[in-house]
Amino acid sequence: MPYDPERHGPQRIVGPGFFERVFEVVARVPAGHVTTYGDVAAELGMRSVARKVGHALSALGAERDDVPWHRVVNSQGRLSRAADSDSGHRQVCRLAAEGIEVASSGLIREFEARRFTFH
DNA sequence: CGGCTGACGACCT
DNA sequence: GAGGTCGCCAGCC
């Protein structure tokens, strides 16, 4: 079930856990660049948990504006959320503010060139 | 305690 | 390309 603040209430982000580690990695992506769920998972040492990375980002509360979740896209360089959805639109706007254009198809322009790789 | 559930990805028709 | 399948596993019921 997708995260629904109406039903689930505010997210509790307590102590260091998996979610927190995801946030720390995502926070390393510089403005104007993007990364993928798989890359974040690999950076955590678990390539198989790409899906959990998305789960962690979905749990982000409004208080965590320090986590640039909008810079995370799928391995195709495409937005994972519906472009017409509320948060999908927010993602497009945030990316545009950093000079990243998103085609109407949801595909990031110049994806490979803007892709950030962790060291 | 046990069953679901995915902001995914690799692989296979 | 465009589908479908399967593995993944931390949280939430």
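Per the numbering used here: the first sequence = residues 12 to 130. For every residue, glycine included, the Cβ atom is placed at its ideal position computed from N, Cα and C.
Straight-line CA distance for V84 to G28? The sequence position of residue 84 within the first sequence is 73, counting from 1. The sequence position of residue 28 within the first sequence is 17, counting from 1. Taking the straight line joining both Cα atoms gives about 22 Å.
Could you tell me the alpha carbon to alpha carbon distance between I24 and G110, rounded to whole angstroms? Locating residue 24 in the first sequence gives position 13, counting from the first residue. Locating residue 110 in the first sequence gives position 99, counting from the first residue. Note on I24: pLDDT 35, under 50, position unreliable in the model; the coordinate value appears next. If I take the Cα positions, the gap works out to 31 Å.
Are the CB atoms of R7 and S98 nearer to each other than 8 Å? Because the chain spans 12 through 130 in this model, residue 7 falls outside it and cannot be assessed.
Output the boundary residues of the alpha helix (DSSP H) element that contains V37. As a first step, residue 37 is located in the first sequence; it is residue number 26 there, counting from the start. Start and end: F29 to V37.
Taking the alpha-carbon of V45 as reference, which of R75, R101 and W80 has the nearest alpha-carbon? Against the first sequence, residue 45 aligns to sequence position 34. Ranking the options by Cα distance to V45, first place goes to W80.
Thinking C-alpha only, which one of S59, G43 and G65 is nearest V33? To locate residue 33, count along the first sequence from 1; it is residue 22. The shortest C-alpha separation from V33 is found at G65.
Pull the bridge partners of R126 from the DSSP assignment, please. As a position in the first sequence, residue 126 is number 115, starting the count at 1. Partner(s): V45.
Start-to-end residues for the alpha helix (DSSP H) that takes in Q102: Counting from 1 along the first sequence, the entry for residue 102 is found at position 91. Looking at the DSSP string, the run of the alpha helix (DSSP H) that includes Q102 is D97 to A108.
Proximity to S86 [Cα-Cα], best of L106, F30, R39 and R125: Translated into positions along the first sequence, residue 86 becomes position 75. It is R125 whose Cα lies nearest to the Cα of S86.
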